[in-house]
Each structure stands twice: as structure tokens, then as C-alpha cells.
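Single-structure report; data block below.
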Amino acid sequence: MVYSSKSLTKGEDTMNKKELVNEVSKYTGMTKKDVAEIIDAITRTIEKTVGGGEEVSLTGFGKFLSYKRAERNGRNPRTGKTMKIKAKKVPKFRAGKDLKVNL
148 MVYSSKSLTK
158 GEDTMNKKEL
168 VNEVSKYTGM
178 TKKDVAEIID
188 AITRTIEKTV
198 GGGEEVSLTG
208 FGKFLSYKRA
218 ERNGRNPRTG
228 KTMKIKAKKV
238 PKFRAGKDLK
248 VNL
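Residue numbering for the sequence shown follows my numbering, starting at 148 and increasing by one per position.
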């Protein structure tokens with residue numbers, strides 16, 4: 148699906164959820180309510196899967212995954228003191244070939 152920048156709110160270069168629902172609804176002929184429910188289900192599933200340590204791969208589009216960020220030194224911006232920032236898992240997205248080609 149190719150969307151037109153005309154579908155975006157004037158002055159913005161980011162498509163929000165409402166605009167995404169409108170575009171998908173136009174493209175598929177489904178109701179906005181049904182499209183919104185599907186998008187919610189997809190995002191919840193990706194969150195649950197990636198949060199559980201697994202990857203979600205959509206061939207051509209990209210891959211959602213989590214990785215462990217190592218412990219590192221940082222600086223408190225208020226005091227300037229050096230401090231340790233704990234290791235943690237963070238989400239990551241790797242764009243697939245089709246997405247990269249269409250950018």
C-alpha cells in the first residue's frame with residue numbers, strides 16, 4: 148500500500164494511529180472500527196511476543212526483536228556526577244528489504 152502525504156494532518160510528517168486506520172480502511176474497504184481492532188491486536192501480539200524474548204518477522208517489512216543493552220556509565224545532567232546505568236532489555240526494529248527500497 149502506498150499512502151499519499153495528503154492523508155497526513157497538515158504540517159506533519161508522521162502518520163498517527165487514526166490516520167493509519169483511515170488509510171487501511173480505504174485500502175481494504177473494511178470499517179474503521181474493525182481496522183482499529185486489528186491494528187490493536189497486531190500491536191498487542193508484537194508487544195507480548197517481543198516482551199517474551201521472541202522475534203516477530205514480517206518478510207519484506209522488517210523484524211521486531213529485543214536485545215540486552217549492556218551496563219554503561221552515564222552522567223547525571225543535573226549534578227554532572229558519573230553514574231552506572233543498569234543493563235536492560237530494549238525493543239528494536241530492523242527494516243526489511245522491501246521497506247528499505249521504498250524509502
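A virtual CB, placed ideally from N, CA and C, is assigned to each residue, including glycine.
These numbers come from a predicted model, not from an experiment.
Counting along the chain, K180 sits inside the alpha helix (DSSP H) bounded by residues K179 to G198. Between the alpha carbons of A188 and A234 lies a gap of roughly 30 Å. Boundaries cannot be given for T161, as no alpha helix (DSSP H) includes it and DSSP labels it neither H nor E. C-alpha of N163 to C-alpha of E170: approximately 11 Å in a straight line. Distances from the alpha-carbon of G209 to those of N249, R222 and K165 put N249 closest.
Secondary structure of N169 (DSSP, three-state): helix.
If you check the CB distance, K231 and R219 come in under 9 Å. Secondary structure of T229 (DSSP, three-state): strand.
DSSP places L205 in the strand class (E or B) of the three-state scheme.
When secondary structure is reduced to three states using DSSP, L246 falls in the helix class.
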